[in-house]
Structure formats: C-alpha cells, structure tokens
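Asker:
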Amino acid sequence: MSEPLVIDRQGVDALIAVLIDRGYEVVGPTVRGQTILYDTITSTEDLPVGIRDRQEAGSYRLEERGDDALFGYVVGPQSFKKYLTPPGTVFWKGLRTEDGFETVEADPPPRHAFFGARPCEVAAMRVQDDVYLPVGDGVYTERRERSFTVAVNCTEPAATCFCASLGTGPAVSDGYDIALTEVLSGEHHFFLAEAGTDIGEDVLADLSARPAHDEEVVGARRLVVHASDHMGRSLETDGLQELLSANLANSIWNEIGNRCLTCTNCTMVCPTCFCSTVEDRQALDGSSAERVRTWDSCFTLDFSYIHGGPVRSSPGARYRQWITHKLSTWQDQFGSFGCVGCGRCITWCPVGIDITQEAAAVRERDIRKVAVGIPSVKEVLE
Amino acid sequence: MHPVPCRVRSVVRELDDTFTLDLEPPSDGWSFVPGQFTMLYAFGVGEVPISISGDPGDPTRLVQTIRAVGPVSDALTSVAVGDVVGVRGPFGTAWPMELAEGRDLIIMTGGIGLAPLRPAILHTLEHRDRYNNVTLLYGARSPGDLLFAEQLQQWRGRFDLEVLITVDHADRTWRGPVGVVTSLIGRASFDPETAVAMVCGPEIMMRFTIQELERAGMTEDRLFVSMERNMKCGIGLCGHCQLGKFFVCKDGPVLSCAAMTGACWTREV
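Just so you know, the sequences run in chain order Z and Y.
Quick note: the first sequence uses the working numbering, first residue 21, plus one each step.
Quick note: the second sequence uses the working numbering, first residue 3, plus one each step.
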C-alpha cells in the first residue's frame with residue numbers, strides 16, 4: 021500500500037462524499053437521544069463533533085469535550101452487526117400455490133460504508149466472518165462483500181475498554197479499506213489516512229490529500245501506543261480457555277446468577293454475538309408466509325427450550341453459557357475468542373456485571389486449585 | 003436455505019400423539035445416513051428438527067416419525083395424504099455403522115428415541131452378516147406406548163436379533179419385564195471389550211445408560227448417544243443447540259461419549 025496521507029476535516033467530508041458518490045450508504049456514529057448510535061451520515065456535521073463518552077459498569081454519559089474532535093469517543097451500544105445481520109431480515113417469502121407452496125428470494129441489500137469503525141469493531145466483523153462466511157449465510161455474505169470499511173484508530177480508550185488484552189486494538193491491523201488516525205493537539209488538527217486495500221487506495225486517490233511528514237506519522241502512532249497503555253480494564257487470557265471449561269461446576273455461577281437480570285443487554289450490544297432465531301409469519305388468509313430472522317439471546321428461557329422445559333433454567337447457567345462461549349468454547353469452534361474487548365457488555369449491563377472481573381473471579385476460585393488444598397474424604401478417614 | 007416442498011404419501015398413526023409421515027424425497031438421488039435429521043416446515047407455522055426413521059437403503063422414501071408436543075409438531079401431525087410440507091436437510095452426524103462392523107452391537111432406546119435408531123436397525127438387518135450379536139433394548143412408559151409395536155413383534159421373531167423390552171408401568175396384558183431400560187443390560191449378550199452401543203432417549207435415561215454400560219466394562223469411545231437441543235437453523239448458525247463446544251445440529255446429534263467430555267453432562271450446560 022502507498023504511504024500515509026494527511027487530510028483535514030474537509031478531507032473527511034470529501035471522503036464521505038466520495039463514498040456516497042460511489043453508491044455506498046455511509047453509516048457511522050451520530051448522536052441520538054444522548055447516545056452515540058450508528059445511522060446514515062452525509063457529512064462530518066452528522067458525527068458527534070466535540071463529544072466524549074464516559075463509560076463505566078452500568079453507566080454511559082455523553083459530555084462536551086470543548087474541542088472539535090470528530091472521533092473523541094469510543095463505542096456506543098450498537099455495532100455494525102445491525103447492518104450485516106439486521107434483525108428482522110426476511111429470509112424468504114412463501115406463496116401458497118395450487119399444489120403446495122413455493123418460495124421466493126428476498127430483495128438484495130444496500131451497499132454500506134461502515135464509517136468510523138473502531139479497531140474492536142473491525143475485529144468483531146472478522147470474528148463474525150468466521151461464523152457466517154464458511155456456512156455461506158446469504159444475508160451476511162452479501163452485505164459483507166458489498167461493504168466498505170473506514171476504520172478509526174483509538175487514541176483515548178474508555179474505562180471499560182480492554183482490547184489491548186485481546187490484541188484487537190487500539191490500532192487496526194487488518195480488515196479495513198481505509199484507516200484514519202485523528203491527531204488533535206493545540207492548533208494541529210489532522211487525520212492520518214492509510215489504505216488497507218486496493219479499493220481503499222482508489223478512494224483515497226479521489227481526495228486532495230498530501231503525503232504525511234514523518235513526524236506526523238510518528239506523532240499519530242505515538243497517540244495509539246499511548247492508548248494501548250491506558251486501557252481502563254484488562255483480561256488475563258493466559259489459560260483462559262481451559263480455566264472456564266474446567267470450572268463449569270464452580271459455585272460462582274449461581275452467585276453471578278443472583279445478580280444477573282437475564283435482560284439480554286450484553287448479548288444485544290455484543291458485536292460478535294450471533295445467535296438468532298427465526299419467526300415464521302403467515303398472512304391472515306394463509307395465502308403467503310415469510311421467514312424472518314431476528315437476534316436471539318442465550319439469556320432467555322426460550323432459547324434452550326426443548327419439549328419438557330428449557331435446558332438452562334437458572335440465570336447462573338445462562339451466564340455461564342455466555343461467558344464460556346465467549347472466552348472458551350468459541351476457541352474450539354472458530355479458533356479465536358468471541359470477545360474483542362470493546363467493553364459494551366460492561367457498560368450496558370444494568371447491574372454492572374463485568375466480564376473481566378468475573379473471569380478474574382473464576383481464576384481466583386479455580387476449582388482445580390481449590391481441590392488441591394482440600395483433602396478428600398478418603399484422605400481424612402485414612 | 004429454503005425448505006423444499008415435499009408431498010405426503012401416507013400418514014400412519016403410531017400412538018395417540020405420534021405419527022409417521024412417508025414423504026416424497028426433496029430430490030432425485032436424495033439420501034441420508036442413519037442418525038440424521040431434517041428440519042420439517044409446516045407452512046406459515048414454523049420449523050422443527052425431526053429425525054429420519056425410515057430405511058436408509060430405500061432412497062425413494064423420506065420417512066419421519068413425529069410426536070406432537072407443540073404448535074409446529076401439531077401442524078405436522080395434522081397433515082393429510084397429498085398435503086405438502088417443507089423439508090431442509092438431511093443434517094447432522096451418523097450412527098457409527100462401520101465401527102460396529104465385526105462387533106456386537108447394543109441399541110438402547112427409550113420412548114420416541116426408537117425413531118432415530120430405526121434406520122440403524124434396518125441397516126444392520128439389511129447387512130446382517132457384517133455384525134455379530136445385535137441386541138435392541140427398548141423401554142417405554144407402558145405397553146400402549148410401544149412405538150412401531152408391529153415391527154417390534156416381527157423383529158422379536160427373528161433368530162438373528164435379540165429384542166428385549168421393558169415398560170415403566172405394566173397393565174394386565176403385559177408379560178414382559180417392568181422397570182427402567184438399564185435393568186435389561188444384564189440380560190443382553192455382548193462382549194464389553196469390543197461392543198459398540200448406540201443410545202437414544204431422554205437425556206436422563208442416556209446418562210444412566212452410559213454409566214451402566216461403562217460399569218459393564220464398555221469404554222466411552224464405543225458409546226454413542228443422540229442428543230436433543232433446541233434448533234432453528236440446522237447448520238450451526240443460530241446458536242441454540244450449543245452443548246459445550248458442540249453445535250448439536252452439525253457436530254451431532256450423534257456424538258461419541260469420548261468426545262462428550264464430562265462438561266457435556268454437567269447440569270444445564
């Protein structure tokens with residue numbers, strides 16, 4: 021790829037304009053109801069300019085930064101999975117015919133440009149790629165292949181961020197078309213723009229950008245490294261897969277279950293959670309039907325229901341399923357963690373259950389360790 | 003993954019709530035292996051996983067046995083000859099028919115668990131010379147709940163198949179054993195050092211069956227179970243059927259007990 025370029029805010033506007041011109045629906049962060057959500061944007065005016073997000077377990081607030089930063093916040097509750105596997109996607113429609121029924125394909129999806137995707141977001145899309153693409157899921161594959169990604173490197177992580185522990189940030193390493201790094205110091209306000217793909221380079225060529233000076237590149241890189249050293253949280257990943265699979269019988273799950281409301285927030289905001297359900301709908305006159313896919317959550321009772329009752333009826337078992345899937349069985353299934361360290365599940369948990377804390381608590385109370393210290397009944401009798 | 007419309011050729015009422023549909027297969031050359039299932043779709047109502055209960059040697063028929071326990075299975079068991087239901091599949095893993103060759107084979111089932119094992123039994127009888135002693139141990143709630151009762155009678159009349167049946171609750175017509183299916187293990191003739199067991203029934207029944215077979219000297223690499231979980235997609239995408247690291251729809255439903263580590267038998271996993 022060519023060397024880094026420098027653009028200013030007008031250049032970012034031009035980038036959005038070029039993408040729209042090329043037929044993309046540009047979707048990115050924008051303020052809606054005191055929250056940063058993803059929606060269609062047409063210029064930098066739509067971005068949360070000069071806004072910072074304060075995040076903590078169970079808490080999210082926006083506040084003024086007092087500057088003109090375009091990307092002075094991290095991630096809101098939504099991720100781009102809202103566009104890649106939109107809840108309510110019609111899989112197919114069925115029409116009753118004289119001798120049975122026939123099915124027809126759903127309409128083709130729009131082309132999205134994901135604008136302002138944080139490195140954890142880009143990593144999450146790659147995690148979901150491993151879930152959907154090998155199976156050839158039509159809904160995801162078509163949307164993903166038609167999409168364009170403008171990533172933004174992180175320079176100011178939130179208190180809930182721990183991407184550095186998982187190697188998914190704060191610098192985007194792969195899976196983007198264009199990566200931006202915002203530099204805002206004193207009078208300097210510019211964006212380092214780097215292409216990650218040929219099409220990204222082609223788009224950048226449409227902008228009037230100048231090559232970056234060495235000190236500008238070094239300065240931008242330094243900000244990202246600084247972010248890496250200032251993560252609000254961390255997750256010890258060493259031996260984590262085995263730790264969780266060996267601790268299914270740990271009494272800690274019931275204790276977490278006593279706090280967990282099974283509200284499903286963590287799974288809805290998680291950018292990698294892919295569980296879904298289908299709804300079969302029928303017209304009142306029975307002439308047509310359609311199958312619709314919506315997001316589902318392993319925290320509902322219905323999720324594991326089989327004839328006779330749900331498999332996971334206790335909240336503790338449902339939390340165990342979720343965290344064990346994220347941090348242990350996901351590795352068996354897809355060869356990676358199902359967590360990218362974005363911290364959303366921590367922020368949006370109404371009771372502030374923290375995946376990093378709970379993983380650490382399991383490590384602290386590892387039943388393999390505890391078992392070593394306590395003599396067995398047989399040993400006591402002898 | 004669109005369901006393929008398949009015409010119903012016949013409907014057999016097996017029990018009060020259990021019906022066997024004989025369907026035209028989704029396509030020419032459609033085939034399955036014993037242990038697999040399909041997703042059956044009732045137009046506008048929904049889709050459920052149903053194991054195939056027919057003869058794997060007869061590609062002209064798709065035979066499925068369904069117990070009505072909810073809205074979709076109700077709709078599927080209310081169909082008439084000539085109606086159309088949607089089919090996706092076949093999905094999932096197979097019973098280890100090849101591993102069992104040259105060995106004793108024990109088939110243990112409870113209730114409707116006999117349905118997903120019937121293809122394995124039919125395959126075994128079709129290629130009877132490939133197997134040593136073959137024993138079917140079957141437990142039902144009551145004599146009136148015996149699935150495929152007529153066929154069980156036929157099978158019991160064969161010299162090359164041992165059929166042992168027990169019921170939880172006997173009535174005055176019953177002359178056979180009463181009790182749980184594990185109580186039949188002592189009556190079966192098999193070499194625990196080499197035999198292969200295929201087990202399908204309620205999870206609690208499978209759990210105790212595995213324990214008893216292990217106690218009889220069998221090892222977990224020769225014990226196979228067919229697991230049931232909620233399924234929406236059949237292709238490992240919807241997440242519902244997860245059992246530890248497995249997606250039961252594609253890594254199962256037939257799983258080796260060697261692969262099903264203790265984790266899979268933990269409560270509520």
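C-beta atoms are modelled at their ideal positions from N, C-alpha and C, and glycine is treated no differently.
Is there a Cβ from chain Y that is less than 8 Å from the Cβ of Val331/Z?
Answerer: Yes, its Cβ sits closer than 8 Å to a Cβ of chain Y.
Asker: Arg116/Z touches chain Y at which residues, Cβ-Cβ below 8 Å?
Answerer: Per Cβ cutoff of 8 Å: Phe45.
Asker: Have a look at Trp32/Y, Leu23/Y, Val86/Y, Ala102/Y and flag the residue whose alpha-carbon is nearest the alpha-carbon of Ala70/Y.
Answerer: Among Trp32/Y, Leu23/Y, Val86/Y, Ala102/Y, the Cα nearest to that of Ala70/Y is on Leu23/Y.
Asker: In whole angstroms, give me the CA-to-CA distance for Thr292/Z and Phe39/Y.
Answerer: Cα-Cα distance, rounded: 29 Å.
Asker: Measuring alpha carbon to alpha carbon, tell me which residue in Gly236/Y, Leu139/Y, Gly113/Y, Arg160/Y is nearest Ala190/Y.
Answerer: Comparing Cα positions, the closest option is Leu139/Y.
Asker: Using DSSP's beta-bridge definition, name the partner residues of Asp24/Y.
Answerer: Answer is Ser12/Y, Val65/Y.
Asker: What do you reckon, are the CB atoms on Gly336/Z and Ile276/Z nearer than 8 Å?
Answerer: Cβ distance < 8 Å, so Gly336/Z and Ile276/Z count as in contact.
Asker: For Thr201/Z, which of helix, strand or coil comes out of DSSP?
Answerer: Residue state, collapsed to three classes: strand.
Asker: Please confirm whether Pro128/Z and Tyr93/Z have their CB atoms less than 8 Å apart.
Answerer: No, Cβ-Cβ distance for Pro128/Z and Tyr93/Z is not below 8 Å.
Asker: Going by DSSP in three states, Asp88/Z sits in which element: helix, strand or coil?
Answerer: Coil, per DSSP.
Asker: For Met220/Y and Thr184/Y, I'd like the C-alpha separation in whole angstroms.
Answerer: Their backbone Cα atoms lie some 14 Å apart in a straight line.
Asker: Return helix, strand or coil for Arg132/Y, following the three-state DSSP convention.
Answerer: Note: Arg132/Y maps to helix in three-state DSSP.
Asker: So is Cys134/Y in contact with chain Z if we call contact Cβ pairs under 8 Å?
Answerer: With the sequence shown as reference, residue 134/Y is identified as Asn, and Cys is not the correct amino acid for it. It does not; no Cβ of chain Z falls within 8 Å.
Asker: List the residues of chain Z that Gln66/Y touches, going by C-beta distances under 8 Å, in chain order.
Answerer: Within 8 Å Cβ-Cβ: nothing; Gln66/Y doesn't reach chain Z, min ~16 Å.
Asker: Using the beta-carbon count (16 or more within 10 Å), is Gln156/Y buried or exposed?
Answerer: Label assigned to Gln156/Y: exposed.
Asker: Given a cut-off of 8 Å, decide if Leu186/Y and Val227/Y are closer than it, judged by their beta-carbon atoms.
Answerer: For Val227/Y and Leu186/Y, no; Cβs fall outside 8 Å.
Asker: Step through the CB atoms of chain Z and report whether any lies within less than 8 Å of the CB of Arg154/Y.
Answerer: In the sequence under discussion, the amino acid at residue 154/Y is Leu, which differs from the Arg named in the question. False, the Cβ-Cβ gap to chain Z never drops below 8 Å.
Asker: Do you know whose CA, among Phe21/Y, Asp18/Y, Leu17/Y, Ser29/Y, lies nearest Cys8/Y's CA?
Answerer: Measuring from the Cα of Cys8/Y, the nearest candidate turns out to be Ser29/Y.
Asker: Would you mind listing the alpha helix (DSSP H) stretches within the segment 201–263 of chain Z that are 4+ residues and don't spill past its ends, in chain order?
Answerer: Runs found: 218–225, 234–248.
Asker: With a threshold of 16 other CB atoms inside 10 Å of the CB of Asn278/Z, please say whether the residue is buried or exposed.
Answerer: Looking at its Cβ environment, which holds fewer than 16 other Cβ atoms inside 10 Å, Asn278/Z is exposed.
Asker: Are three or more beta carbon pairs between the segment 110–125 of chain Y and the segment 78–93 of chain Y nearer than 8 Å?
Answerer: With the cut-off at 8 Å, the segment 110–125 of chain Y and the segment 78–93 of chain Y do not touch.
Asker: Could you give the DSSP three-state label for Val331/Z: helix, strand or coil?
Answerer: Looking at Val331/Z - three-state DSSP - the assignment turns out to be coil, as it is neither helix nor strand.
Asker: I'd like to know whether the C-beta of Val83/Y is nearer than 8 Å to at least one C-beta of chain Z.
Answerer: Output row for Val83/Y: interface = no.
Asker: From Arg146/Z, Val110/Z, Thr282/Z, pick the residue whose C-alpha is nearest to that of Leu321/Z; which is it?
Answerer: Ranking Arg146/Z, Val110/Z, Thr282/Z by Cα distance to Leu321/Z puts Thr282/Z first.
Asker: Nearest chain Y C-beta to Ser265/Z closer than 8 Å, yes or no?
Answerer: Yes - at least one Cβ of chain Y is within 8 Å of the one on Ser265/Z.
Asker: 8 Å is my cut-off, CB to CB: does Gln148/Z come that close to chain Y?
Answerer: Chain Y contact via Cβ: absent.
Asker: Per the contact definition of three or more C-beta pairs closer than 8 Å, is the segment 64–80 of chain Z in contact with the segment 342–355 of chain Z?
Answerer: The answer is no - the segment 64–80 of chain Z does not touch the segment 342–355 of chain Z, with fewer than three Cβ pairs under 8 Å.
Asker: List, in chain order, every chain Y residue whose beta-carbon is nearer than 7 Å to that of Thr349/Z.
Answerer: Those are Gly246, Lys247, listed as they occur along chain Y.
Asker: Restricting to Cα atoms, I'd like to know which of Leu227/Z, Ala37/Z, Asp59/Z, His327/Z is closest to Tyr103/Z.
Answerer: With distances taken between Cα atoms, Tyr103/Z lies closest to Asp59/Z.
Asker: Does Ala265/Y come within less than 8 Å of chain Z when only Cβ atoms are used?
Answerer: It does: the Cβ of Ala265/Y has a partner Cβ on chain Z nearer than 8 Å.
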